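J.: Residue numbers (mature numbering (1 follows the signal peptide of the UniProt record, and there is no 0)): -20 to -1, 1 to 821. Just so you know, even glycine gets a beta-carbon here, dropped at the ideal spot from N, CA and C. All of these numbers come straight from a predicted model, not from anything done at the bench.
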Amino acid sequence: MELLLLVFFCLLTGSEVTFGAENEPEVIPAKEGSDVILPCSLSSRQSISREKFVWRKDGRQVFQFNAGDHSNHINTGQDQQFKGRVSHFANKLRSGDASITIRDTKVADTGNYTCEFPNLQPSQTFYVNLLVFAEARLSVTIINQTKDGIQLFCEVRGAFPKPELHWQDGKGHKLPVEVILESDRGGIYEITLQTIVTKADYYRCVATQNEIHYQAYAETYVHFPGLTAGQIAGIVIAVIVVVGVVLIVYKQWVFMKGQLLADIHTNSVLPSPAARNKRLNPRDDETTGLLTEKTGLVSVDKVQVHQINQSVNQSVRTALWMCAGVVLLLPDKTEIFRVRSVSSRKVLISNVKVTLNLQPSSITMELLLLVFFCLLTGSEVTFGAENVIIVDEGRYAILPFSLNEKDDITNKKFEWKKDGRQVFLYDDGDHSNIVNTGQDQQFKGRVSHFSNKLKSGNASIIIRNTMVADSGDYTCELTNLNLSQTFHFQLRVLEKKVIKVDEGRDVTLPCSLSSRQDITPEMFKWKKDGRQVFLYDAGDHSDNFNTGQGQQFRGRVEHFPDKLKSGDASITIRNTNVADTGEYTCEFPYLQPEQMFHMKFVFDTSPQPCVRRLKQTKDGIQLQCEVRGASPKPELHWEDGAGNVLLAEKPQEIERGGIYNVILQTIVTKTDIYCCVATQEAINQTTHDDINVYIPGLTAGQIALIVIIVVGVVGLVFAVYIRRYRIISFFMRVEAKPSVRIVEQRDKSALLQCEVRGAFPKPKLHWEDREGHKLPAEEPQESERGGHYDIILITTVTKTDIYRCVATQKEINHQAHADIHVHISDSLYRSCGYMTEQQDL
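(1) Return the residue from the list Gly623, Cys605, Arg636, Pro614 that minimises the CA-CA distance to Glu629.
(2) Do Val42 and Tyr107 have their beta-carbon atoms positioned less than 8 Å apart in this structure?
(3) Take the Cβ of Tyr570 as the centre, count every other Cβ of all protein chains shown within 10 Å, and call the residue buried at 16 or more, exposed below.
(4) Report the rounded CA-to-CA distance for Leu271 versus Val226, giving the unit in angstroms.
(5) What's the gap between the Cα of Pro311 and the Cα of Val691?
(6) Between Leu755 and Pro718, is the Cβ-Cβ spacing less than 8 Å?
(7) In angstroms, rounded to a whole number, what distance separates the CA positions of Gly767 and Arg737?
(8) Could you tell me which of Phe404, Met503, Ile8 sits nearest to residue 824, measuring between CA atoms?
(9) Just how far apart, CA to CA, sit Tyr564 and Glu135?
(10) Leaving out five residues on either side along the sequence, give the residues of the same chain with a beta carbon under 7 Å from the beta carbon of Phe352.
(11) Take Arg25 as the anchor and find which of Val120, Phe404, Gly76, Ala559 has the nearest alpha-carbon.
(12) What does the Cβ neighbour count give for Gly64, buried or exposed, with the cut at 16 atoms within 10 Å?
(13) For Ser14, name the three-state secondary structure that DSSP assigns.
(14) Leaving out the 5 sequence neighbours to the left and right, which residues in its chain are closer than 7 Å to Phe69 when beta-carbon positions are compared?
(15) Tell me which same chain residues have a C-beta within less than 6 Å of the C-beta of Ala662, skipping the five on either side of it?
(16) Would you identify the three-state DSSP class for Asn124, choosing helix, strand or coil?
(17) Just the Cα atoms here: how many angstroms apart are His803 and Ile217?
(18) Rounded C-beta distance between Leu434 and Ile389? I'm assuming under 8 Å.
(19) So what's Phe577 in DSSP terms, helix, strand or just coil?
(20) Would you tell me roughly how many angstroms separate the C-alpha atoms of Gln575 and Thr85, rounded to the nearest one?
(21) What is the DSSP secondary structure of Val481, reduced to helix, strand or coil?
(22) Which residue or residues does DSSP assign as beta-bridge partners of Met503?
(23) One question on the structure: do Leu603 and Ile671 come within less than 8 Å of each other, judged by their Cβ atoms?
(24) Does the contact criterion of 3 or more C-beta pairs under 8 Å hold for the stretch 110 to 118 versus the stretch 179 to 194?
(25) Counting pairs of Cβ atoms below 8 Å between the stretch 445 to 452 and the stretch 512 to 527, do you hit three or more?
(26) Check whether the Cβ atoms of Leu132 and Trp147 lie closer than 8 Å to each other.
(27) Expressed to the nearest angstrom, what Euclidean distance is found between the alpha-carbon atoms of Ala213 and Leu383?
(28) Given this structure, state the Cα-to-Cα distance separating Leu155 from Asp149, to the nearest angstrom.
(29) Reducing DSSP to helix, strand and coil, say where Ser431 ends up.
(30) May I have the straight-line CA-CA distance separating Ser805 from Arg750, to the nearest angstrom?
(31) In the DSSP assignment, what are the bridge partners of Arg593?
(32) How long is the line joining the alpha carbons of Val642 and Lys127, rounded to whole angstroms?
(33) As a quick exercise: from Cys590, Val66, Lys424, Lys650, pick the residue whose alpha carbon is nearest that of Arg536.
(34) According to DSSP, simplified to helix, strand and coil, what is Asn46?
(35) What does a CB cutoff of less than 6 Å around Leu22 pick up in its chain, not counting 5 residues either side in sequence?
(36) Give the C-beta separation of Glu724 and Ile772 to the nearest angstrom, bearing in mind that I take them to be a contact with Cβ-Cβ under 8 Å.
The structure is reproduced here in structure tokens:
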């Protein structure tokens, strides 16, 4: 029985070891860059001053204490990741507390930690889960305008855990988006999200990190020059005007006897209609291209106009040369061609050829039409602005380009260049990152495209780790499309003048030879204020022998051995403090010539201003710029889009321990991009933030539209006046069809009647004999019904002949006639009938 009880208790004891559920490890959250305490205490509170405890993460030693000796005094096998950043609480060992502090936490520190007491009986192990998070920091950018709308980018850099992003409009409705970039580097996420919007509104990008219960957003205002009811009415009027002018021109061209073809170089005219399709050969010394009636591409060096009639005054000739989109040959028979440049050696000629029957003296009308066409042409050029992309040095830059048609370019070829040097080449699946395409050395390994976007016509590229040398003009050329296309971008990489970091974090001071020569067998020295920070000499360095390194930097500075072969002498200073700030030098004393690099390291007490729209007052829109936690004190001012400094209220300033919070407000009254600039002259630092403000009113484009409408209306009035209401008569016209008959026989004479019914515009009638001599006639009998005219004209003839009644409507270039044969012989009279014909003038 005793043996049975013993076995029973053994089973119970064993069951505690096997099945005793382990408590879930405690999760300790910490913001990246902060210090965190990982707790570990014995419940017995016994002294552990003479014991051993070891902290580990994924099998790697974080910290070890053994009866007084620990990782900060002796080599215990501590992992390189934690050197110089972990400490224990010596004064708490007597109460069984083995907690540690990890300073300047990094996302890479995230994971499961164990605290082990291997020599205790029984041994004990505690578990802690550390979550180091990096809050998502957002920036939103208006990229460019496409045919589908305004393209917006939302960028998140250095976030952990991975944030969820979405775009929403001013009402909170989520928008369709496209992920342009998503990268994970050591647990740090960088994400770029794109959306396209089609109306004016406030748009917000929201980032959510559920694991740490954090949400952030950034917003921007997008202004579309939307059309008001008045502007729509103006456009309708403009369309009517243009249609009216075109109809006038077209009708005159149709009814013109003989077609003209003008050689733009010699101003020669072929009056014969048979010459319409004949190509002229200009003189060899003037061969720069030929414009014909047919649409097509012709190779030219430039378009020239020669032999302009001297009756055209100087103002017209000057306007002609300034209006690049229209060639107008004045003044007698005016030929107008619409010409649009496609490339440096090609001109696209539209299939519009019009002839205006203007009098040489009507210079005012000619100038008016020229200005009208110039305005129309100029309005097409307004939106061809070059894209400018601005990034800070060391960050990535996306050069965005997508075909409007969104055609698949997977099997096409496109090439990015900068100053004639190849940046990136893609050709039917092959590209600069997998084959030798002649890519410039400066860009190797730093440029890539978006392979999953090719099917939608996206030829964008991303340049990583940007340098100031990357600044300049870039072109993207698509060469094997139906029509080669070249697009231009400007990239500006802003130089890092000062290296900034938060206190307690690690900082890398860069120092690299431009020649990229191997410095493994060389010597380089880092100094601050004459004191040695780090010395490297052909393999020996401050970490493995005494080089005279300053006590302040011992155990906290390291170099990059794997980068020495490429000329990189950069160093990292861990766990920075206020004493580390100042001027540093990196010297290569034995190079020929000797080289020295200078840089300044300061703590990041230059936060970027935060601007926002407060409210609308009777005076305008009130804007606020706020800077918090700055040192030294910043000076703030507001600027408009042209860089003009704006009037502002007196700044509100608060100072606590040398740290400043400053608020500056201003009121603006017009649509523009406004920028708040914060300047700290003591550390040569300038930061800024801007905001897009839309205030309803007329934009430059809307004003231009109004000008075009006014000019068009005036032009139509002139045209109507000169053409005698031809546009009205075109829509309402009823061509005159005269009919003739003999109404009465007299001795040796006959009474003839010509009648026209329901004609518009009002025709003029006359009688003439076979030789075209006009005959006297009675006063015409006229009646008008609903704008249509009935006219009767009677004449008396006294001899045998063929007589003709002619009806003329000049307003519509129409003329018709009817003939009748009359025989008179003494008392004998005979009519031989009549024939009616009509023709256009």
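T.: With the structure as the only source:
(1) Numbered from its first residue, the sequence shown carries residue 629 at position 649. Looking at the Cα atoms, Cys605 is the closest of the given residues.
(2) Here residue 107 refers to the residue found at position 127 of the sequence shown. Here residue 42 refers to the residue found at position 62 of the sequence shown. Contact flag unset, no.
(3) One-based indexing of the sequence shown puts residue 570 at position 590. Here Tyr570 is exposed, its C-beta having fewer than 16 other C-beta atoms within 10 Å.
(4) Reading the sequence shown from its first residue, position 291 is the one you call residue 271. Reading the sequence shown from its first residue, position 246 is the one you call residue 226. Because Leu271 carries a pLDDT of 36, less than 50, the predicted location of this residue cannot be relied on, and the following value inherits that uncertainty. One alpha carbon belongs to Leu271, the other to Val226, and they sit about 20 Å apart.
(5) Against the sequence shown, residue 311 aligns to sequence position 331. Against the sequence shown, residue 691 aligns to sequence position 711. Model confidence at Pro311 stands at a pLDDT of 37, short of 50, so the residue's coordinates are unreliable and nothing is read from them.
(6) Sequence index remark: in the sequence shown, residue 755 carries index 775 (1-based). Sequence index remark: in the sequence shown, residue 718 carries index 738 (1-based). Cβ atoms of Leu755 and Pro718: not closer than 8 Å.
(7) To locate residue 767, count along the sequence shown from 1; it is residue 787. To locate residue 737, count along the sequence shown from 1; it is residue 757. Straight-line measurement puts the Cα of Arg737 at about 12 Å from the Cα of Gly767.
(8) Examination of residue 824 is not possible in this model, given that the chain is present from -20 through 821 alone.
(9) If you number the sequence shown from 1, residue 564 lands on position 584. If you number the sequence shown from 1, residue 135 lands on position 155. Near 33 Å, if we compare the C-alpha coordinates of Glu135 and Tyr564.
(10) As a working note, residue 352 is residue 372 in the sequence shown. Low confidence applies here, because Phe352 scores a pLDDT of 48, under 50, leaving its location unreliable and the question unanswered by this model.
(11) Here residue 25 refers to the residue found at position 45 of the sequence shown. Among Val120, Phe404, Gly76, Ala559, the Cα nearest to that of Arg25 belongs to Gly76.
(12) In the sequence shown, the residue the question calls residue 64 occupies position 84. Gly64 is buried by the Cβ-count criterion.
(13) If you number the sequence shown from 1, residue 14 lands on position 34. For Ser14, the three-state secondary structure derived from DSSP is coil.
(14) Indexing the sequence shown from 1 puts residue 69 at position 89. Within the same chain, Phe69 has close Cβ partners Asp77, Ser79.
(15) Numbered from 1 along the sequence shown, position 682 holds the residue referred to as residue 662. Pro612.
(16) The count along the sequence shown starts at 1 and reaches residue 124 at position 144. Three-state result, Asn124: strand.
(17) Within the sequence shown, the letter at position 823 stands for residue 803. Within the sequence shown, the letter at position 237 stands for residue 217. Taken atom to atom, the span from the alpha-carbon of His803 to that of Ile217 is near 58 Å.
(18) Here residue 434 refers to the residue found at position 454 when the sequence shown is read from its first residue. Here residue 389 refers to the residue found at position 409 when the sequence shown is read from its first residue. Rounded, the Cβ-Cβ distance is 5 Å, consistent with contact.
(19) Counting from 1 along the sequence shown, the entry for residue 577 is found at position 597. DSSP places Phe577 in strand when its eight states are reduced to three.
(20) In the sequence shown, residue 575 corresponds to position 595, counting from 1. In the sequence shown, residue 85 corresponds to position 105, counting from 1. Roughly 35 Å between the two C-alpha positions.
(21) In the sequence shown, the residue the question calls residue 481 occupies position 501. Secondary structure of Val481 (DSSP, three-state): strand.
(22) Position 523 of the sequence shown holds residue 503. Paired residue(s): Asp517.
(23) Reading the sequence shown from its first residue, position 623 is the one you call residue 603. Reading the sequence shown from its first residue, position 691 is the one you call residue 671. At a Cβ-Cβ threshold of 8 Å, Leu603 and Ile671 count as neighbours.
(24) Cβ pair count under 8 Å is three or more, so yes.
(25) No, the stretch 445 to 452 does not touch the stretch 512 to 527.
(26) Numbered from 1 along the sequence shown, position 152 holds the residue referred to as residue 132. Numbered from 1 along the sequence shown, position 167 holds the residue referred to as residue 147. Going by C-beta atoms, Leu132 is nearer than 8 Å to Trp147.
(27) Counted from its first residue, the sequence shown places residue 213 at position 233. Counted from its first residue, the sequence shown places residue 383 at position 403. Approximately 33 Å, taken between the alpha carbons.
(28) By 1-based counting over the sequence shown, the position of residue 155 is 175. By 1-based counting over the sequence shown, the position of residue 149 is 169. Note on geometry: alpha-carbon atoms of Leu155 and Asp149 lie some 7 Å from one another.
(29) In the sequence shown, counting from the first residue as 1, residue 431 sits at position 451. Look at Ser431 here: in three-state DSSP terms it is helix.
(30) As a first step, residue 805 is located in the sequence shown; it is residue number 825 there, counting from the start. As a first step, residue 750 is located in the sequence shown; it is residue number 770 there, counting from the start. For the pair Ser805 and Arg750, the Cα-to-Cα distance works out to about 18 Å.
(31) Numbered from 1 along the sequence shown, position 613 holds the residue referred to as residue 593. The partner list for Arg593 (beta bridge, DSSP) reads Leu603.
(32) To locate residue 642, count along the sequence shown from 1; it is residue 662. To locate residue 127, count along the sequence shown from 1; it is residue 147. Rounded to the nearest angstrom, the two C-alpha atoms are 42 Å apart.
(33) Within the sequence shown, the letter at position 556 stands for residue 536. Of the listed residues, the one whose Cα sits closest to Arg536 is Val66.
(34) Within the sequence shown, residue 46 is the residue found at index 66, counting from 1. Strand at Asn46.
(35) By one-based count along the sequence shown, residue 22 stands at place 42. Around Leu22: Gly76.
(36) Counting from one through the sequence shown, the residue named residue 724 turns up at place 744. Counting from one through the sequence shown, the residue named residue 772 turns up at place 792. Actually they do not touch by this definition, with Cβ atoms about 14 Å apart.
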